[in-house]
Amino acid sequence: QAEDLFVQVVETRKRVLGQEHPSTLTCMGNLTTTYRSQGRRKEAEELDLQMMETRKRVLGQERPDTLNSVSNLAARFWKQGRWKEAEELEVQVMDMMKEVLGQEHPDTLTSMNNLAWILKSQ
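Be aware that the sequence shown starts at 11, since it is given in the numbering used here, and climbs by one per residue.
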């Protein structure tokens, strides 16, 4: 039932606001959460990749929404035991956070912490 509503919202936002609108992308994120909770990892990952690439292209690589998308995908890879893929993505996030926000910003430190967990898991 929730999935049907999320799909309806995503499709309506795509039609009304466009596929690349930030609100559409946020709703797509809600749909990926639903897919993951249903064990539909492949569909969730495809949507996560689409959101990440769209945010990079439309908003820019340094924007918080984009960096969150990349970090979320890294976390998903980490949970699946895909250490190298997770590491590559989280390094990108950490480097960009350092550049944009500074070494001591809380979001930069969170990214560094995430990377440490990924490295520890390998």
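Glycine included, every Cβ here is placed at the ideal spot set by N, Cα and C. The structure displayed is predicted, hence computed values, not measured ones.
C-alpha distance - residue i paired with residue j, whole-angstrom precision
i, j, result
"Glu-55", "Thr-42", "8 Å"
"Gln-113", "Val-101", "14 Å"
"His-115", "Val-17", "36 Å"
"Leu-27", "Ala-84", "28 Å"
"Ser-121", "Gln-11", "35 Å"
"Ala-126", "Leu-15", "37 Å"
"Glu-63", "Leu-69", "10 Å"
"Gln-48", "Gln-132", "27 Å"
"Asp-75", "Val-19", "20 Å"
"Gln-60", "Arg-73", "16 Å"
"Thr-36", "Arg-25", "15 Å"
Residue range of the unbroken alpha helix (DSSP H) whose run includes residue i
i, result
"Leu-77", "74–89"
"Leu-111", "93–111"
"Leu-129", "116–131"
"Gln-60", "51–68"
"Leu-27", "Note, Leu-27: premise wrong, no alpha helix (DSSP H); not H, not E."
Supposed contact pair residue j and residue i - C-beta distance, whole angstroms, cut 8 Å
i, j, result
"Arg-65", "Ser-79", "5 Å"
"Asn-82", "Asp-58", "7 Å"
"Phe-87", "Leu-99", "7 Å"
"Arg-46", "Thr-34", "Actually they are not in contact, since the Cβ atoms of Arg-46 and Thr-34 sit about 19 Å apart, beyond 8 Å."
Beta-carbon spacing of residue i, residue j below 9 Å
i, j, result
"Glu-21", "Thr-44", "no"
"Met-38", "Gln-71", "no"
"Val-110", "Asn-124", "no"
"Gln-90", "Arg-50", "no"
"Glu-95", "Arg-67", "no"
"Leu-119", "Glu-97", "no"
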